[in-house]
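Accompanying notes for the structure given below.
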Amino acid sequence: MFGDYSLGDLGSIFVMQGFAGLILFSVYVLMALGLAIIFGQMGVINMAHGEFMILGAYVTWMTSNLFQAYMPGLFGGYFFLAMILAFLASGALGMLVEWVLIRHLYKRPLDTLLATWGLSLMLQQAYRSVFGAREVGVELPQWMLGSLQVTSSIEVPINGVFVMCLTVLITIVVAYVMFKSRWGRQVRAVVQNRIMAGAVGINTEKVDRYTFGLGCGIAGVAGSAFTMIGSTGPTSGQLYIVDTFLVVVFGGAASLLGTIASAFSISQTQSTLEFFMSGSMAKVLTLLAVVGILMLRPQGLFALKVRK
Amino acid sequence: MTDNRFFNRSELIGILVLAVFLVAVLPLTLDVFRLNLVAKYLTYAFVALGLVICWGYGGILSLGQGVFFGLGGYCMAMFLKLEASSVENTKIQSTPGIPDFMDWNQLTALPFFWKPFHSLTFTVAAIVLVPGIFALIIGTAMFKRRVGGTYFAIITQAVAAILTILIVGQQGYTGGINGMTDLRTLKGWDIRPDHAKIALYFFEVGCLFVCIMIAQFVRHSKLGRILVAMREKEDRVRFSGYSVANFKIFAFCIAAVFAAVGGAMFALNVGFMSPSFVGIVPSIEMVIYTAVGGRLSILGAIYGTLLVNFAKTSLSETFPELWLFGLGGLFIAVVLAFPNGLAGIWGDYVQPRIERLIASRKPKPEGWTDGSVADGAPAE
Chain A
690 MFGDYSLGDL
700 GSIFVMQGFA
710 GLILFSVYVL
720 MALGLAIIFG
730 QMGVINMAHG
740 EFMILGAYVT
750 WMTSNLFQAY
760 MPGLFGGYFF
770 LAMILAFLAS
780 GALGMLVEWV
790 LIRHLYKRPL
800 DTLLATWGLS
810 LMLQQAYRSV
820 FGAREVGVEL
830 PQWMLGSLQV
840 TSSIEVPING
850 VFVMCLTVLI
860 TIVVAYVMFK
870 SRWGRQVRAV
880 VQNRIMAGAV
890 GINTEKVDRY
900 TFGLGCGIAG
910 VAGSAFTMIG
920 STGPTSGQLY
930 IVDTFLVVVF
940 GGAASLLGTI
950 ASAFSISQTQ
960 STLEFFMSGS
970 MAKVLTLLAV
980 VGILMLRPQG
990 LFALKVRK
Chain B
6 MTDNRFFNRS
16 ELIGILVLAV
26 FLVAVLPLTL
36 DVFRLNLVAK
46 YLTYAFVALG
56 LVICWGYGGI
66 LSLGQGVFFG
76 LGGYCMAMFL
86 KLEASSVENT
96 KIQSTPGIPD
106 FMDWNQLTAL
116 PFFWKPFHSL
126 TFTVAAIVLV
136 PGIFALIIGT
146 AMFKRRVGGT
156 YFAIITQAVA
166 AILTILIVGQ
176 QGYTGGINGM
186 TDLRTLKGWD
196 IRPDHAKIAL
206 YFFEVGCLFV
216 CIMIAQFVRH
226 SKLGRILVAM
236 REKEDRVRFS
246 GYSVANFKIF
256 AFCIAAVFAA
266 VGGAMFALNV
276 GFMSPSFVGI
286 VPSIEMVIYT
296 AVGGRLSILG
306 AIYGTLLVNF
316 AKTSLSETFP
326 ELWLFGLGGL
336 FIAVVLAFPN
346 GLAGIWGDYV
356 QPRIERLIAS
366 RKPKPEGWTD
376 GSVADGAPAE
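One line per chain: the protein sequences are A and B, in this order.
The numbering of the first sequence is this note's numbering, which starts it at 690 and goes up by one.
The numbering of the second sequence is this note's numbering, which starts it at 6 and goes up by one.
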């Protein structure tokens, strides 16, 4: 298997596969962060999470088209505006969904799964009716094309580096909001004990709505970042939803650190295996390993000790 | 009221109505094409029936029923495919006597796990045992460690994803994304002409009623009551000395076997099997059939399956755009407004009216007034 490659080649291959894994890792982290808030903190199984992500991707696509048509001079910077718009659009839709649907179902977590699955079907059809069934790709600004030559045999694509930096930034912001801000404290208080949180004067309904909105908003940003490395279709979100749930569960549902660690290990395993075997077998083995470990350690990698 | 091990009087009437509907009304009113469609829908009814026991009574939501449906279906399809790939049927291939997709993928010999499927006895045993043992392993691993609820749902979903990717990826062994097509005969008996389709339909209905009887038996046994108790207050059942895990494993296994029988019927009636009936989307759809019919009602699940599928076929024929909106809306409506589905609507709104109607028609015995005597108990 290794006979045809020199040691130097192998090193480069591992670095480049590792880098491909890092891009996958970024997408997983971005998607799983939103889900970790919604599922891990609120206990809502949001099967429509992928569709919130796709909404962000479509918003990015529309923004890029707008910039191309009306402000070609500013095209290089459209992505930053698109990301904010994606966050707002997905977040607003998330808050609406919470108000109409989710808030009636907090006591029945399994039913949120069915209801949000229905929602995801409707959203998919809506995207198909509005944007067409064909996948759309975003045109990247000039500075994001091409790749960085690190050594003579290693090169990394710039858009991948950009997505990774973005992921780090968003993760830090989310961690700050959840663990340092006053609002984050309120969220954690509501999650730990809804009744007591209400008794000390926290408006639990409002906190729920904004938490769900935040989770969906982050999914929107993930979709926005996703356009940098792939094309978007009405059903693209569904492809990632199971992986994302596994990432969150594998990490230990209530732990942001666990989510990141599990996203890292899953994506690295998958992209390393992909080099040695077909993509589908790599995926099967990775998922099998995850399911196997979850059977041995159901609480996930980083579990908070809580009394049930 | 008859106190039977299988059903009480109103359930008996319900089962008889369903039997008349499936055995007489549908075959007499529908042409063979439509009847075959009903046969296809009824294969999902097996899965829905299993979900009533597992999810409705046991409270275990499995999003991986497509896995068991697929395992059963693939076992059956492998047998039929082997019979269709006899040496004289496949003499144009570079290796005659193996299924066509293997030949296309440059396989020259039958893989070892295909060989036992030459035998019908083995196949029938495998249809029940392979999914049953698989469910036993998953169930033991999960329930002994007290994994339940949402986690179980997500992990079964992952299993469904894994199996789909595996089937699609291993084209040479499984037929890949196209699945196993061109199934022809069962022990020399052609399954494709109209009279065979009708016979298979009746065979399927027979199997369905066997499964209904098993489900009814479970429901009326002590086991069924423990399942319900477990769903409502798991800890109390555990503290009463029952092994909660074992009961859950049993419910999950029985649901798996029902689903596998459904899958095998699918391969027989529809004439092919493909990974598009294994993955996450079909698995969740099967849960929806159960939810629409009523997760607590054995017969409701069957009506729910038929209704959703009829709606799916007719709506997607006429308004392909609207169908997903309709289906999505249906899920949300069922979850929000009618958690007990059709059976709940029937039990809460329709049945009381019918009973009142019947009661008002009946001439009242002399000296009796409404409400003075409770439920026919003799007045002292």
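For every residue, glycine included, the Cβ atom is placed at its ideal position computed from N, Cα and C.
- Non-local beta-carbon contacts of residue 961 of chain A in its own chain, meaning distances under 6 Å to residues more than five positions away in sequence, involve 706 in chain order.
- Using beta-carbon distances, residue 897 of chain A does not count as an interface residue toward chain B, since no partner is under 8 Å.
- Between the region 978-989 of chain A and the region 160-167 of chain B there are three or more C-beta pairs closer than 8 Å, enough to call the two in contact.
- Considering only beta carbons, the part of the region 162-195 of chain B lying closer than 7 Å to chain A consists of 162, 163, 164, 166, 167, 170, 171, 173 and 174, in chain order.
- For the region 906-931 of chain A, there is no continuous alpha helix (DSSP H) assignment of 4+ residues that stays within its boundaries.
- The continuous stretches of beta strand (DSSP E) do not include residue 262 of chain B, which lies in the alpha helix (DSSP H) extending over residues 249-275.
- When beta bridges are read from the DSSP output, residue 846 of chain A appears opposite A/836.
- For residue 763 of chain A, the CB contacts under 7 Å within the same chain, skipping 5 residues up- and downstream, are 756 in chain order.
- At least one C-beta of chain A is nearer than 8 Å to the C-beta of residue 147 of chain B.
- In the DSSP assignment, residue 793 of chain A falls outside any alpha helix (DSSP H) and carries neither an H nor an E.
- In the structure shown, residue 190 of chain B adopts extended strand secondary structure according to DSSP, grouped into three states.
- The beta carbon of residue 742 of chain A sits no closer than 8 Å to any beta carbon of chain B.
- Just measuring C-alpha positions, the residue of A/978, A/818 and A/910 sitting nearest residue 932 of chain A is A/978.
- For residue 336 of chain B, the residues of chain A that pass the 7 Å Cβ criterion are 803, 804, 806 and 807, in the order they occur in the chain.
- Exclusion of the five residues before and after residue 149 of chain B leaves 250 as the residues of its chain whose Cβ lies within less than 6 Å of its Cβ.
- Nearest C-alpha to residue 285 of chain B among B/247, B/169 and B/304: B/169.
- DSSP places residue 195 of chain B within a strand segment (E or B) once states are collapsed to three.
- Here the region 283-301 of chain B lies against the region 333-351 of chain B, with 3 or more beta-carbon pairs under 8 Å apart.
- Residues of the region 923-937 of chain A that bring their beta carbon within less than 9 Å of a beta carbon in chain B comprise 927, 930, 931, 932, 934, 935 and 937, in sequence order.
- In the same chain as residue 970 of chain A, and ignoring 5 residues on each side of it, the C-beta atoms closer than 8 Å to its own belong to 962, in chain order.
- With a threshold of 8 Å between beta carbons, residue 76 of chain B makes no contact with chain A.
- The beta-carbon separation of residue 51 of chain B and residue 264 of chain B, rounded to 6 Å, stays under the 8 Å limit for a contact.
- Using a Cβ distance threshold of 8 Å, residue 907 of chain A and residue 699 of chain A do not count as a contacting pair.
- Under DSSP, residue 825 of chain A forms a beta bridge with A/921.
- Taking a C-beta distance under 8 Å as the contact criterion, residue 955 of chain A and residue 936 of chain A qualify as a contact pair.
- Between the alpha carbons of residue 862 of chain A and residue 179 of chain B lies a distance of about 47 Å.
- Taking the Cα positions, residue 926 of chain A is about 5 Å away from residue 740 of chain A.
- Around residue 957 of chain A, the same chain offers 710 as residues with beta carbons nearer than 6 Å, after the five sequence neighbours per side are excluded.
- If you draw a 10 Å sphere on the C-beta of residue 772 of chain A, you find 16 or more other C-beta atoms in it, and that means buried.
- Assigned with DSSP and collapsed to three states, residue 278 of chain B falls in strand.
- Identification of chain B residues near residue 813 of chain A by a Cβ-Cβ cut-off of 8 Å yields 329, ordered along the chain.
- At least 8 Å separates the CB of residue 322 of chain B from every CB of chain A.
- Cβ-Cβ distances below 7 Å link residue 229 of chain B to 62 and 223 in the same chain, with the five nearest sequence neighbours on each side left out; the list follows chain order.
- A distance below 6 Å between beta-carbons, with the five flanking residues on each side excluded, links residue 48 of chain B to the following residues of its chain, in chain order: 267, 270 and 271.
- Contacts with chain B at 8 Å (Cβ-Cβ) include residue 984 of chain A.
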